[in-house]
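Residue numbers (the numbering used here), protein chains in the order written: chain A, 1 to 195; chain B, 196 to 390.
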């Protein structure tokens with residue numbers, strides 16, 4: 001494993017192993033997922049992986065959270081309309097990407113009663129919703145939305161149509177999908193429906 | 196198979212086989228699904244099944260469509276608000292029921308890259324959305340909604356938050372979820388966002 005030497009320690013190992021985890025999930029799914037394959041793909045020894053992650057599900061949980069966090073940044077433009085559009089547009093890009101599909105496949109395997117890490121991905125999703133809440137609370141502070149707006153309800157209303165199209169009806173989603181979802185969420189928020 | 200004799204022909208056979216199909220999917224999933232098991236559960240001979248359905252995927256497609264059609268009726272109360280609430284409330288009941296979970300598990304197995312009948316369930320969903328469209332077109336005719344309201348967009352906006360909670364965040368859904376979804380869809384429609 002001489003090629004693994006430069007990756008022996010530090011944040012690069014972590015990044016390489018997490019990226020390899022998403023790639024493995026993307027290509028082979030959860031059922032065929034092994035730490036051996038991830039280690040080989042990342043060019044590290046298996047013990048290096050186990051030193052950082054207790055088991056494959058802990059590794060997957062970390063990789064999914066990292067993928068979501070890196071690819072759906074939380075915007076802060078100063079305008080809630082722009083923030084919601086940016087958030088929805090990042091989600092559209094991510095959900096259509098190989099890593100987004102990999103994350104969703106793991107999560108949906110769970111719902112579908114197939115082998116899957118228990119609730120791992122749902123935690124990742126809930127965490128991302130939680131981190132998006134300041135988009136709403138900042139808008140309330142700026143007086144752009146009613147003071148009693150429930151941020152969780154608003155963010156769920158924003159993202160739901162994108163997940164619905166990507167997963168249930170199987171449509172392709174794009175910036176127009178994102179902007180329409182943002183317009184619906186804004187209109188409902190201004191009408192006080194999330195109070 | 197003497198117990199199968201009364202089910203030898205007629206609409207009762209069809210109903211029994213379709214119900215057995217949903218029950219089998221619900222209990223054992225698509226991967227373990229066989230026409231043999233369905234026939235046994237329904238108390239009919241396998242050849243009786245094959246006389247009506249060409250293969251297991253045709254049988255599943257029919258069973259899923261039937262489950263959705265029976266459990267999510269299309270309302271016509273004379274008021275679009277009441278119709279949308281009724282539609283959302285039926286969806287909430289169905290999505291939380293064993294047969295709803297079975298239908299979704301089959302569909303999501305497909306998305307998750309697990310063995311699944313190709314696109315069968317998506318057809319069933321699209322068909323149900325299509326059949327719900329008169330709720331919107333009747334409302335437009337009654338002058339309750341803007342003349343250029345796109346019925347497909349409105350219905351998708353109505354149902355998306357219910358699917359999102361049931362499948363992605365894993366929350367339980369109830370009448371309040373349904374009514375909130377109906378209020379958001381109505382407000383967006385009246386604001387002309389589906390034009």
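Cβ atoms here follow ideal geometry from the backbone N, Cα and C, with glycine treated the same way.
The structure displayed is predicted, hence computed values, not measured ones.
Through-space distance from residue j to residue i, alpha-carbon basis
i	j	result
residue 5 of chain A	residue 12 of chain A	Annotation note: pLDDT 46 at residue 5 of chain A (below 50); position unreliable, no value reported.
residue 139 of chain A	residue 79 of chain A	7 Å
residue 57 of chain A	residue 238 of chain B	43 Å
residue 257 of chain B	residue 247 of chain B	11 Å
residue 218 of chain B	residue 234 of chain B	12 Å
residue 102 of chain A	residue 32 of chain A	13 Å
residue 176 of chain A	residue 16 of chain A	34 Å
residue 387 of chain B	residue 193 of chain A	17 Å
residue 350 of chain B	residue 184 of chain A	13 Å
residue 373 of chain B	residue 276 of chain B	12 Å
residue 86 of chain A	residue 254 of chain B	43 Å
residue 215 of chain B	residue 225 of chain B	13 Å
residue 34 of chain A	residue 89 of chain A	33 Å
residue 7 of chain A	residue 25 of chain A	A caution first: residue 7 of chain A carries a pLDDT of 48, below 50, which makes its placement in the model too unreliable to give a value.
residue 328 of chain B	residue 270 of chain B	11 Å
residue 28 of chain A	residue 136 of chain A	38 Å
residue 189 of chain A	residue 384 of chain B	14 Å
residue 245 of chain B	residue 302 of chain B	23 Å
residue 260 of chain B	residue 18 of chain A	41 Å
residue 390 of chain B	residue 109 of chain A	36 Å
residue 14 of chain A	residue 46 of chain A	13 Å
residue 84 of chain A	residue 144 of chain A	13 Å
residue 381 of chain B	residue 187 of chain A	11 Å
residue 236 of chain B	residue 346 of chain B	40 Å
First through last residue of the alpha helix (DSSP H) which encompasses residue i
i	result
residue 11 of chain A	11-28
residue 385 of chain B	370-385
residue 361 of chain B	No alpha helix (DSSP H) contains residue 361 of chain B, which DSSP labels as neither H nor E.
residue 150 of chain A	Note, residue 150 of chain A: premise wrong, no alpha helix (DSSP H); not H, not E.
residue 51 of chain A	46-52
residue 231 of chain B	230-237
residue 340 of chain B	Looking at the DSSP string, residue 340 of chain B is not in any alpha helix (DSSP H), and its letter there is neither H nor E.
residue 286 of chain B	275-290
residue 68 of chain A	56-71
Where residue i meets chain B, residues with beta-carbon distance less than 7 Å
i	result
residue 170 of chain A	317
Under 7 Å from the C-beta of residue i: neighbouring residues of chain A
i	result
residue 321 of chain B	169
residue 356 of chain B	156, 157 and 160
Buried/exposed call for residue i, threshold 16 Cβ in 10 Å
i	result
residue 262 of chain B	buried
residue 36 of chain A	exposed
residue 376 of chain B	buried
residue 77 of chain A	exposed
residue 147 of chain A	exposed
residue 55 of chain A	exposed
residue 174 of chain A	exposed
residue 153 of chain A	buried
residue 130 of chain A	exposed
residue 100 of chain A	buried
residue 142 of chain A	exposed
residue 205 of chain B	exposed
residue 196 of chain B	Per-residue confidence for residue 196 of chain B stands at a pLDDT of 42, beneath the threshold of 50, marking its modelled position as unreliable; no derived number is given.
residue 344 of chain B	buried
residue 98 of chain A	exposed
residue 104 of chain A	buried
residue 243 of chain B	buried
Amino acids of chain B, ordered along the chain, whose beta-carbon sits closer than 8 Å to that of residue i
i	result
residue 183 of chain A	383 and 388
residue 164 of chain A	351, 354, 355, 358 and 359
Distance cut-off 7 Å: residue i Cβ against heavy atoms of the ligand ADP
i	result
residue 284 of chain B	With respect to the ligand ADP, the structure shown offers nothing to examine, as it has no ligands at all.
Is the stretch 276-294 of chain B touching the stretch 252-267 of chain B in the sense that three or more CB pairs, one from each, lie closer than 8 Å?
-> yes
Is it a yes or a no for the stretch 160-176 of chain A touching the stretch 314-331 of chain B, going by three-plus beta-carbon pairs under 8 Å?
-> yes
Between the stretch 152-161 of chain A and the stretch 340-359 of chain B, do at least 3 Cβ pairs fall closer than 8 Å?
-> Below 8 Å, enough C-beta pairs join the stretch 152-161 of chain A and the stretch 340-359 of chain B to call them touching: three or more.
With 9 Å as the C-beta to C-beta threshold (strictly closer), list the residues of the stretch 247-275 of chain B near chain C in chain order.
-> Among the protein chains of the structure shown, namely A and B, there is no chain C.
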